[in-house]
Amino acid sequence: MEKYKTVFWAGVSNSMEFRFDFLMNLIGTVFPILMQVFIWSAMYGDSGCDAMYGYTFPQMILYVVVAGAVAKFTDTGVEYMVNEDIHSGGIARYLVRPVNYVGFRLCDVVGNKFVSMISMVFVTLGALLLLFFAVDFVVTPAAVLLFLLSLALAAVLNFFIFFCLSTLAFWLTEIGNFFHAISVVIMVMSGGIFPVSVFGSTYESISRYIPLTYTINYPIQILSGTAGITEAVEVLCIQLIWIFLLAVLGRCSWHLGLKKYVAVGG
Amino acid sequence: MKERMHELKWYVRVAVHFGKLSLQSTMEYPLNFVSGVCVELAYMMIKLVYLYVVMSSGMKVGSLTSDMVIMFVGTYIFMTGVWMFLSGVNSIPEQVIKGDLDLLMTKPGSLQFLQTFGKYNFALAFPNVTVGTMLMAEGWKRCAIPATIGHIGVFVLYLAAGIVLTYSFGLMAALLVFWVTSLHAVSTLYAALWDYNNMPMELYPKVIRQIGTFLIPIFLVTNWSGMAILGRLDLLQLIWGIAVSVLAFILSRLMWNAGIRRYTSANG
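For the protein sequence lines, the chains are S and V, in the order given.
Per the working numbering, residue 1 is the first one in the first sequence, and the count goes up by one each step.
Per the working numbering, residue 1 is the first one in the second sequence, and the count goes up by one each step.
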């Protein structure tokens, strides 16, 4: 266990190595969120409706503010690391060490995301305070607690989604651009830009049966109050089931890939 | 004057040759071209999602109808294509850090020209320019703007001014590499600012509109062509649109010269 703890803290110090970049990344997250706030303000103002796409105005603002931060938080980038390790032959050094590669990468990613998670908590609290003072929008402590729990599970779930995808690097040589494209598509489908209800009832129904929406859309629904306590617990259970299924899938494809893997070098 | 024209023709010819070379090297690996197109299509999906929301709700952006918004989003996507196309500009930080400018310095012709027009990325530009042009045409049609020479001329003029601004702003952002060690943060911030053009400037509060027009005139890149033909600009604003392009180009040229003076070759 000690070795995985070391990897975690190494990840934390890595993430804080370039503090200016970290700060700019944070500002880079805020800019698109602001744009969305202006869009929805105009839209609700123009329509005169209390609720659109199943969200009231404060709920929608909370959604777009938190979705931008959650999307950044759950984006682990593990696919690029695994791809690099496979194509550079770097995994050979993990194969000969007494370490589980998946566990190693998971601790590394969680360590790297640790500081982001703390800033994420502040972003969420800031948004909640702002909405409370601006429009008297109140969120229950239980919703915040369940949201943070589902957020942690969302990060792990996202890790396994991309880990499964990354094992394709065993079979495909030029896959960097594919990862780039698929991560953007996944972000949109997960509700990282707009709530999935915006894309129509058909996709909303389908989205219940795919793991993607459990990384962004449903955790934020818990926070915004569009999902009740019972639904929140249901979301947590489904997240755990998907994590288990994808972990098994990832392990199978990893072992299948290793059979094909050939390390050449001195 | 005759000599100047001759020189200009030479630069145009060289730029065309560079274009052919870039296309040939891209098509050497067609799969790379296809995967580049796929990446851009994925990013375009985000841009179009915003348009989808506006269209499906039928909302007005300030005084602009959703049909008018199509033209603005089209211009933004088109300009993104132009930005992606100029990979010579975008690769400056890498070239400077690696010390690759040494070789270019020994070649005849302007160093700025050779660096910024030496390479083009067709894969990233193609989907953006195509979809952007289609959206601009669709928006134009839906707004029932007469396709007179005057209207087209004004639109193309401000589109060209936008292209000059895209080049100048992109160049200035890349040239910061001569003064700072890591450009990652600057690139992130510039990309975030650029994305504010995803929606017409009328969406934003007055203070942001003023900042985006006068202080950091990023809104001029994609808004002025549409606003000009819709008759939303007064004479001063029309002049400002052209003046900023000229000023930005001169400023980028001065910055290039200042940056090159700081360049120290570290190549072995």
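Cβ coordinates follow ideal geometry from the N, Cα and C atoms, glycine included.
Note that the structure is predicted; figures quoted are calculated from it, not measured.
Chain V contact for residue i (CB, 9 Å cutoff)
| i | result |
| --- | --- |
| Pro-32(S) | yes |
| Ile-61(S) | no |
| Val-235(S) | no |
| Leu-130(S) | no |
| Met-24(S) | yes |
| Gly-228(S) | no |
| Ile-216(S) | no |
| Gly-54(S) | no |
| Gly-77(S) | no |
| Ile-27(S) | yes |
| Gly-266(S) | Low confidence applies to Gly-266(S): its pLDDT is 48, below 50, so where it sits in the model is not reliable, and the reading given next is rough at best. So, not an interface residue. |
In DSSP terms, what residue i is bridged to
| i | result |
| --- | --- |
| Met-52(S) | Tyr-55(S) |
| Leu-223(S) | According to DSSP, Leu-223(S) bridges with nothing at all. |
| Val-61(V) | Leu-64(V) |
Cβ of residue i within 9 Å of any chain A Cβ
| i | result |
| --- | --- |
| Ser-35(V) | Among the protein chains of the structure shown, namely S and V, there is no chain A. |
Rounded Cβ spacing between residue i and residue j (contact assumed at less than 8 Å)
| i | j | result |
| --- | --- | --- |
| Ala-181(S) | Val-39(V) | 5 Å |
| Leu-104(V) | Met-172(V) | Not confirmed; about 19 Å, so no contact. |
| Ala-51(S) | Gly-191(S) | Incorrect: roughly 17 Å between the Cβ atoms, too far for contact. |
| Thr-213(S) | Asn-158(S) | 12 Å between Cβ atoms; not a contact. |
| Val-340(S) | Pro-58(S) | Chain S is shown from 1 up to 266; residue 340(S) falls before or after that span and cannot be answered. |
| Lys-140(V) | Met-71(V) | It should be noted that the sequence gives Trp, not Lys, for residue 140(V). Confirmed, about 6 Å. |
| Val-156(S) | Trp-254(S) | With 8 Å as the limit, Val-156(S) and Trp-254(S) do not qualify as a contact, their Cβ atoms being about 16 Å apart. |
Chain S contact for residue i (CB, 9 Å cutoff)
| i | result |
| --- | --- |
| Gly-62(V) | yes |
| Asn-186(V) | What sits at residue 186(V) in the sequence shown is Val, not Asn. Yes, Val-186(V) counts as interfacial toward chain S. |
| Ala-192(V) | yes |
| Val-39(V) | yes |
| Met-199(V) | yes |
| Ala-174(V) | no |
| Ala-42(V) | yes |
| Asp-195(V) | yes |
| Asn-32(V) | yes |
| Leu-189(V) | yes |
Distance cut-off 8 Å: residue i Cβ against heavy atoms of the ligand NAD
| i | result |
| --- | --- |
| Thr-124(S) | This structure does not include the ligand NAD; it has no bound ligands of any sort. |
Sequence-distant residues of its chain with Cβ nearer than 7 Å to residue i (five each side left out)
| i | result |
| --- | --- |
| Gly-176(S) | Asn-83 |
| Val-99(S) | Lys-3 |
| Asn-128(V) | Glu-40, Met-44, Ile-77, Phe-78, Thr-80, Gly-81, Met-84 |
| Tyr-53(S) | Pro-195, Ser-197, Val-198 |
| Thr-29(S) | Gly-68, Ala-69, Lys-72 |
| Tyr-80(S) | Phe-179 |
| Ile-222(S) | Ala-143, Leu-146, Phe-147, Ser-150, Ala-232, Val-235 |
Nonlocal neighbours in the same chain, by C-beta distance under 6 Å from residue i, ignoring five residues either side
| i | result |
| --- | --- |
| Ser-265(V) | Gly-99, Asp-102 |
| Ala-15(V) | Phe-117 |
Close-in-space but distant-in-sequence residues of the same chain around residue i (CB under 8 Å, 5 per side omitted)
| i | result |
| --- | --- |
| Lys-47(V) | Val-73, Tyr-76, Ile-77, Thr-80, Asn-198 |
| Phe-120(V) | Contrary to the premise, residue 120(V) reads as Tyr rather than Phe in this sequence. If we look at Tyr-120(V) and ignore the five residues flanking it on each side, its Cβ neighbours are Phe-18, Gly-19, Ser-22, Leu-23, Phe-85, Leu-86, Ser-87, Gly-88. |
| Gly-268(V) | Residue confidence is low: Gly-268(V) scores 48 on pLDDT, short of 50, so the model does not pin down where it sits. Its coordinate-derived value is still stated next. The answer is none, since no qualifying residue turns up. |
| Trp-171(S) | Gly-257, Lys-260 |
| Lys-107(V) | Leu-114 |
Report task. Return the residues of the segment 121 to 146 of chain V that lie within a Cβ-Cβ distance of less than 8 Å from chain S, sorted by chain order. Result -> Flagged: no residues at all.
Listed from N- to C-terminal order along the chain, which residues in the segment 35 to 51 of chain S have their beta-carbon within a distance smaller than 8 Å of any beta-carbon of chain V? Correct list: Met-35, Phe-38, Ile-39, Ala-42, Met-43, Asp-46, Ser-47.
Using a beta-carbon distance cut-off of less than 9 Å, what residues from the segment 45 to 58 of chain V approach chain S? Result list: Met-45, Ile-46, Val-49, Tyr-50, Tyr-52, Val-53, Val-54, Ser-56, Ser-57, Gly-58.
Query raised in the report: the segment 174 to 207 of chain S: which residues have C-beta closer than 7 Å to a C-beta of chain V, in chain order?
Result: Among the residues of the segment 174 to 207 of chain S, those with a Cβ less than 7 Å away from any Cβ of chain V are Glu-174, Asn-177, Phe-178, His-180, Ala-181, Val-184, Val-185, Val-188, Ile-193, Phe-194, Val-198, in the order of the chain.
| said: Beta carbons nearer than 8 Å to chain S: which residues of the segment 75 to 89 of chain V have them? | reply: Residues passing the 8 Å Cβ filter: none.
task = With 9 Å as the C-beta to C-beta threshold (strictly closer), list the residues of the segment 231 to 259 of chain S near chain V in chain order.
result = Of all residues in the segment 231 to 259 of chain S, none has a Cβ within less than 9 Å of some Cβ in chain V.
Residues of the segment 202 to 229 of chain V with a CB closer than 7 Å to any CB of chain S: list them in chain order, please.
-> Those residues of the segment 202 to 229 of chain V that come within reach of chain S (Cβ to Cβ, closer than 7 Å) are Leu-203, Tyr-204.
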